[in-house]
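In this text, residue positions in the sequence shown follow full-length UniProt numbering: the first is 1, and each later residue adds one. To keep things clear, I will list the structure first and then write my remarks on it.
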Amino acid sequence: MAGNAATAAASGDGGGGLRLNYYSESCPRAEEIVKEQVRRLYEEHGNTAVSWLRALFHDCTVKSCDASLLLETDAATGLVSEQASPRSFGMRNFKYVGAIKSALERECPGTVSCADILALAARDGAAMLGGPAAIPMRTGRRDATESQYGEVERYIPNHNDTVSAVLSRFAAMGLGAEAVVALLGAHSVGRVHCSNLVARLYPAVDAGMEPAYGAYLRGRCPTADAREDTRDVAYARNDRATPMVLDNMYHKNLLKGRGLLLVDQRLASDPRTAPFVRRMAADNGYFGETFAAALVRMSENGPLTGGQGEVRKDCRFVNAK
Numbered sequence: 001m002a003g004n005a006a007t008a009a010a011s012g013d014g015g016g017g018l019r020l021n022y023y024s025e026s027c028p029r030a031e032e033i034v035k036e037q038v039r040r041l042y043e044e045h046g047n048t049a050v051s052w053l054r055a056l057f058h059d060c061t062v063k064s065c066d067a068s069l070l071l072e073t074d075a076a077t078g079l080v081s082e083q084a085s086p087r088s089f090g091m092r093n094f095k096y097v098g099a100i101k102s103a104l105e106r107e108c109p110g111t112v113s114c115a116d117i118l119a120l121a122a123r124d125g126a127a128m129l130g131g132p133a134a135i136p137m138r139t140g141r142r143d144a145t146e147s148q149y150g151e152v153e154r155y156i157p158n159h160n161d162t163v164s165a166v167l168s169r170f171a172a173m174g175l176g177a178e179a180v181v182a183l184l185g186a187h188s189v190g191r192v193h194c195s196n197l198v199a200r201l202y203p204a205v206d207a208g209m210e211p212a213y214g215a216y217l218r219g220r221c222p223t224a225d226a227r228e229d230t231r232d233v234a235y236a237r238n239d240r241a242t243p244m245v246l247d248n249m250y251h252k253n254l255l256k257g258r259g260l261l262l263v264d265q266r267l268a269s270d271p272r273t274a275p276f277v278r279r280m281a282a283d284n285g286y287f288g289e290t291f292a293a294a295l296v297r298m299s300e301n302g303p304l305t306g307g308q309g310e311v312r313k314d315c316r317f318v319n320a321k
């Protein structure tokens, strides 16, 4: 059932020329290779599966699903990486994208884009975490040749944003309130650094937070006047019950006042999102189906296709002319 809505969302050609099985002739094993590498990396470094989901969100939310996120700072050309933005704090495992790309280059040189790698890795990472399996993902994206560093702050929602701000940002990608509540369910896995939490804990615990949970987080996170680098290192798990399972525990926690980030907790009380929080908390199957469809739609935000962009040989750098 979890694949029904996603299948409907991915049927036929996507906007801009994306299609299912895009590499069926040029690189028949492309999707299988990505899946093999995602599984291997998950078995060696479990947190990579979480990283793929966040990477796709950050890449697609900033204008286009075009792998601009993966470009590294290049002093020679003046390019500044999107990874250098404060909004990218805590992101990691970019080096393992190179492992996936290398495996594809050995099989089909210069064929599979880094943007498609991000989309497929997020899809397969979600499955590794117990989320929806076999989400149909259209491919055919091309890679950007420039960074959108200057736009990151404007496009990526902040951890303490209002629900209105978050809904507005997702609406620009064609995603409504139901999809937002599902996609933020990715916060069921991974962790949050204390630098994003101290304002909810000191000098007093946020009134919207369950007192016992607040006491637990105070034990995890140093006080607000601690050195910044200390708060940046310390962290708390998004979900203590099933910390590495992509499930509806996130929504159940919100109903108990255990939302880690302020923007998360606000979903449970805002009339535009609260009904979806309650429904997903009660039905993990519904959450999975909605998440799958929303992930597909997000992955198709303004992709470069056809003659646009390029297929990078190394995801970190623009191809040499």
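Every residue gets a Cβ at the ideal spot worked out from N, C-alpha and C, and that includes glycine.
{"Query": "Three-way DSSP call (helix, strand, coil) for D74 in this model", "Result": "strand"}
{"Query": "Residue closest to V311, alpha-carbon to alpha-carbon, out of C114, F94, Q37, R220", "Result": "C114"}
{"Query": "Given L118 as reference, the closest of G131, A99, A133, N238 once Cα atoms are compared", "Result": "A99"}
{"Query": "Per-residue burial, G309 [other beta carbons within 10 Å of its own, 16 or more giving buried]", "Result": "buried"}
{"Query": "Residue interval of the beta strand (DSSP E) (run including H58)", "Result": "Taken as a continuous stretch (DSSP letters only), H58 belongs to no beta strand (DSSP E), being part of the alpha helix (DSSP H) at 48 to 61."}
{"Query": "Other residues of its chain near M249: CB distance less than 7 Å, five sequence neighbours each side excluded", "Result": "S188, D239, A241, T242"}
{"Query": "CA-to-CA distance, Y286 to R279, given in whole angstroms", "Result": "8 Å"}
{"Query": "Alpha carbon of K313 to alpha carbon of N93, nearest angstrom", "Result": "19 Å"}
{"Query": "DSSP three-state assignment for A236, whether helix, strand or coil", "Result": "strand"}
{"Query": "Three-state secondary structure (DSSP) of L69", "Result": "helix"}
{"Query": "Where L20 sits in the DSSP three-state scheme", "Result": "coil"}
{"Query": "Three or more C-beta pairs below 8 Å linking the region 202 to 213 and the region 167 to 182", "Result": "no"}
{"Query": "CB contact flag (A30, T162, <9 Å)", "Result": "no"}
{"Query": "Where H45 falls, given that 16 or more other Cβ within 10 Å makes a residue buried", "Result": "exposed"}
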